[in-house]
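Asks: Sharing a structure below in structure tokens format, with a few things to ask.
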Amino acid sequence: MRVCRDCCCGTERKHPGVDHDGLLARIEDGALGAARVTRSACLLACDQSNVVVVSPSPSGRRAGGRPVWIREVLDDDTADALVEWVREGGPGWSDPPEPIARRAFPPSGLATAYITV
1 MRVCRDCCCG TERKHPGVDH DGLLARIEDG ALGAARVTRS ACLLACDQSN
51 VVVVSPSPSG RRAGGRPVWI REVLDDDTAD ALVEWVREGG PGWSDPPEPI
101 ARRAFPPSGL ATAYITV
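Laid out in structure tokens, this is it:
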């Protein structure tokens, strides 16, 4: 999982009152042993912040999974649903739960050309 933490995502300026550090810790702790979580520079989707990209595991990719871009990861329920999905196998292995499916979005061509996930 790649968690955007740059100009907009994860900032008090853009999302006051959100415990950004707490959400990141919740995702990191929950994904431990199931997925690697990395903090990323800008993913070029600032209007969708906070953005997380979930890439499939090698076996998930062989099963047809592709990276899923998720917007508005701003609360515990969304973070928990994200972690639950990743623990179930993520892209290629299981469908995202409703809170995640509703927040999935196609990245811009520039973002996908610029960023390898």
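Sequential numbering from 1 applies to the sequence shown in UniProt numbering.
Positions of the beta carbon are idealized from the N, C-alpha and C atoms, including for glycine.
Quick caveat, the model's predicted, so the values are computed rather than measured.
If Arg103 and Glu72 are in contact, beta carbons under 8 Å, what's the gap, nearest whole angstrom?
Replies: Sequence index remark: in the sequence shown, residue 103 carries index 103 (1-based). Sequence index remark: in the sequence shown, residue 72 carries index 72 (1-based). Between Glu72 and Arg103 the Cβ distance is about 5 Å, and since that is below 8 Å, they are a contact.
Asks: Pair every Cβ in the region 6-19 with every Cβ in the region 32-49, then say whether three or more of these pairs are closer than 8 Å.
Replies: The region 6-19 vs the region 32-49: in contact.
Asks: Nearest CA to the CA of Ile100: which residue from Ala63, Asp80, Cys46, Trp93?
Replies: Along the sequence shown, read from residue 1 onward, the residue named residue 100 stands at position 100. Taking only the C-alpha atoms, the option nearest Ile100 is Asp80.
Asks: What's the call for Leu24, buried or exposed, on a 16-neighbour Cβ count within 10 Å?
Replies: Translated into positions along the sequence shown, residue 24 becomes position 24. Label assigned to Leu24: buried.
Asks: Taking the alpha carbon of Pro16 as the reference point, which residue from Pro96, Pro91, Arg62, Asp75 has its own alpha carbon closest?
Replies: On the sequence shown, position 16 is the one that residue 16 refers to. When only C-alpha atoms are compared, the closest one is Asp75.
Asks: Can you tell me whether Ser108 is helix, strand or coil according to DSSP?
Replies: Start at 1 with the first residue of the sequence shown, and residue 108 comes out as number 108. Coil.
Asks: Whose CA, out of Gly92, Ala35, Ala63, Leu82, lies closest to the CA of Val51?
Replies: Translated into positions along the sequence shown, residue 51 becomes position 51. The candidate whose alpha carbon is nearest that of Val51 is Leu82.
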